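What follows is a single structure, written as structure tokens, with notes after it.
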Amino acid sequence: MLHLYDTATRQVRELALREPGKVSIYLCGPTVYGPPHLGHGRATLVYDVLRRYLEWSGIEVRLASNITDIDDSIINRANRENRPWQDITHKCEAVWFEAMGKLGVARPTDVPHATEYVDEMVAMIGELVELGRAYNTDDGVYLSVETVDDYGLLVNQNLADMIEGGGDREVFGAGNKRHPADFVLWKLAKPGEPSWPSPWGDGRPGWHSECVVMSLDLLGEGFDLHCGGMDLKFPHHENERAQAVALGKRFANHWMHNGFVVDADGEKMSKSLGNVANLLDLLDQYDPRAYRMVLLQSHYRGPVSVTQDNIDGAVNALAGLDAFAARTSTLPDAAADPVVLDAFRAAMDDDLDTPKATALLFDTVRRANAALDADDPSAAPLAAAAREIAAAVGLDLKGAADVPADVVEQAAALDAARAAKDFATADAIRSELQGAGWTVETGKGGTTVRR
RNA sequence: GGCGACGUGGCCGAGUGGCUAAGGCAACGGCCUGCAAAGCCGUGAACCCGGGUUCAAUUCCCGGCGUCGCCUCCA
């Protein structure tokens with residue numbers, strides 16, 4: 021069974037399932053106010069790999085991932101560009117899912133929007149106020165973190181230490197708050213801002229409430245796993261948890277956080293490729309599978325640098341896998357080698373050890389190639405195992421791509437010319453095919469062509 | 001100030017108290033080829049520094065040095 025590092029208990033422990041055979045996962049999705057960046061790509065890929073692996077294991081996955089479609093960043097951009105805020109959220113969401121599609125990230129089973137849950141959020145905030153755990157000020161409603169046991173659990177810090185170390189930072193809304201760490205649940209609207217009615221006045225929800233309401237609504241209390249990027253640990257996840265605790269509800273049973281994307285100097289964030297400022301550029305300029313490959317070869321909890329060298333390396337590694345897929349595409353069906361699959365499961369079950377799993381994949385490919393060279397019957401089961409692994413982690417290998425009839429004819433003509441020792445013609449055909457983007461492989465059995 | 005992560009071959013990146021320290025990329029050698037390319041097979045090379053624990057440490061502990069992250073709105 022799958023074991024994952026749990027941020028709350030700071031140890032790798034078994035992912036307990038509330039219902040056998042089913043897993044409920046909540047993943048914090050994007051605020052839609054700009055193009056997705058490399059960090060978004062990493063988070064979605066990490067959890068896509070998790071999801072696919074769970075599904076491959078025969079577990080039914082319910083994955084809810086929200087779209088934050090009301091937020092200060094959205095309003096600010098709308099004002100700056102003088103356009104309706106919905107215009108921004110709709111377009112950005114479309115771009116988001118287009119990018120996810122290119123990455124091969126499967127759409128979550130549930131995609132709730134913050135604006136669809138405003139009534140529920142108002143109701144929840146009302147409950148918190150009634151319980152005496154939230155209070156009203158002249159600019160909004162705040163949660164009182166001092167009423168929450170274990171506040172700071174996810175960041176492994178207590179309230180006093182957090183405050184002491186606050187550094188030089190400005191504390192938002194400090195004047196109105198009872199405690200500097202209290203956070204806003206409901207923001208009263210300023211003139212011209214989008215707003216919804218509430219008992220405290222028209223306004224909009226704070227960032228941290230939507231995920232509580234949506235996850236509990238869609239997945240129910242005590243759902244299995246809550247995921248997101250390391251940077252969401254605090255304050256976002258801490259504050260989600262604080263609300264659920266304040267309500268007296270069981271929240272996520274397990275917390276998973278992925279590491280950052282860093283640049284070549286090891287610093288957080290994205291502009292490391294120089295020519296690639298965001299995810300869209302990366303997808304535009306390179307094989308979209310390359311990013312998944314880069315991530316698979318490092319552990320999800322560590323930082324990963326997305327550099328020219330890494331991407332190039334991944335592209336080359338994929339070329340080898342594609343060649344293997346093409347070479348084995350005509351092999352008879354066989355049951356996957358069970359020893360290899362067991363090793364794969366063992367790696368993945370150990371906190372999603374994808375580096376080990378990909379090492380196994382490459383190793384299996386090499387063994388299958390060697391078996392093929394030796395006409396050994398173990399080739400087919402090994403090849404089948406390699407395919408299973410690739411599929412389970414979402415690597416789509418280009419196997420037997422359809423080759424148009426005229427290209428097949430040209431390949432045949434190339435062989436005929438070679439047989440007739442008419443090398444000038446053979447070379448001409450070869451360069452013509454290569455010019456059209458085909459990889460031309462000349463071997464004993466004649467010429468084969470693939471993309 | 002508090003909490004935490006990390007320093008492994010040319011590059012990326014796993015992992016382990018002792019058994020040949022994964023894998024990928026690059027490099028090099030071989031096979032194949034009319035020549036290439038692609039492909040396949042193979043080879044070499046690494047555990048930041050100083051103490052400590054131990055029969056034994058790259059792995060555990062302590063201390064340095066270096067890098068990075070979080071500590072209110074960022075995946």
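Those letters in the first sequence? Residues 21 to 471, by my numbering.
Beta carbons: idealized from backbone N, C-alpha and C, even for Gly.
Computed from a prediction, not measured in an experiment: that's the story for all the values here.
- Following the DSSP letters along the chain, one finds His-246 inside the beta strand (DSSP E) bounded by residues 245-249.
- Inter-segment contact for the stretch 257-275 and the stretch 227-242 is present: three or more beta-carbon pairs are separated by less than 8 Å.
- Three or more Cβ pairs closer than 8 Å define a contact, and the stretch 370-378 meets that threshold against the stretch 56-76.
- Collapsing the DSSP output to three states places Leu-47 in a strand.
- Taking Phe-254 as the centre and dropping the five residues before and after it, the same chain places the C-beta of Val-175 closer than 6 Å to its C-beta, in chain order.
- When only Cα atoms are considered, Trp-458 and Val-115 end up about 31 Å apart.
- Here Ala-388 really is in contact with Ala-406; their C-beta atoms are around 6 Å apart, less than 8 Å.
- Annotation: the continuous beta strand (DSSP E) that includes Tyr-25 extends over 23-26.
- In this structure Leu-300 is in contact with Pro-55, their Cβ atoms being roughly 5 Å apart against a cut-off of 8 Å.
- From the listed residues Asp-393, Ala-394, Ala-403 and Asp-396, the smallest Cα separation to Leu-380 is found for Ala-403.
- Gln-317 sits in coil when the DSSP states are folded into three classes, being neither helix nor strand.
- Judged by beta-carbon spacing, Val-131 lies beyond the 9 Å limit of Ile-90, meaning their Cβ atoms are not closer than that value.
- In the structure shown, the three-state DSSP call for Ile-108 is helix.
- In the three-state reduction of the DSSP assignment, Ser-93 falls in the helix class, which pools H, G and I.
- By the Cβ criterion, the stretch 216-235 is in contact with the stretch 132-140, since at least three pairs of Cβ atoms, one from each stretch, lie closer than 8 Å.
- Counting every other CB atom within 10 Å of its CB across the protein chains shown gives Arg-198 a total below 16, marking it as exposed.
- CA-CA distance, Ala-143 to Gly-121, rounds to 35 Å.
- Sixteen is the threshold: since fewer than 16 other Cβ atoms of the shown chains lie within 10 Å of the Cβ of Phe-443, the residue is exposed.
- Taking Pro-323 as the centre and dropping the five residues before and after it, the same chain places the C-beta of Gly-279, Phe-280 and Val-282 closer than 6 Å to its C-beta, in chain order.
- Note that the stretch 153-170 touches the stretch 204-224; at least 3 beta-carbon pairs, one per stretch, sit closer than 8 Å.
- DSSP, reduced to helix, strand and coil, places Leu-35 outside both helices and strands of the structure shown, so it counts as coil.
- Check the Cα spacing between Thr-348 and each of Phe-364, Asp-395 and Met-182: the tightest is with Asp-395.
- Straight-line measurement puts the Cα of Val-265 at about 19 Å from the Cα of Pro-225.
- Straight-line measurement puts the Cα of Asn-273 at about 5 Å from the Cα of Asp-244.
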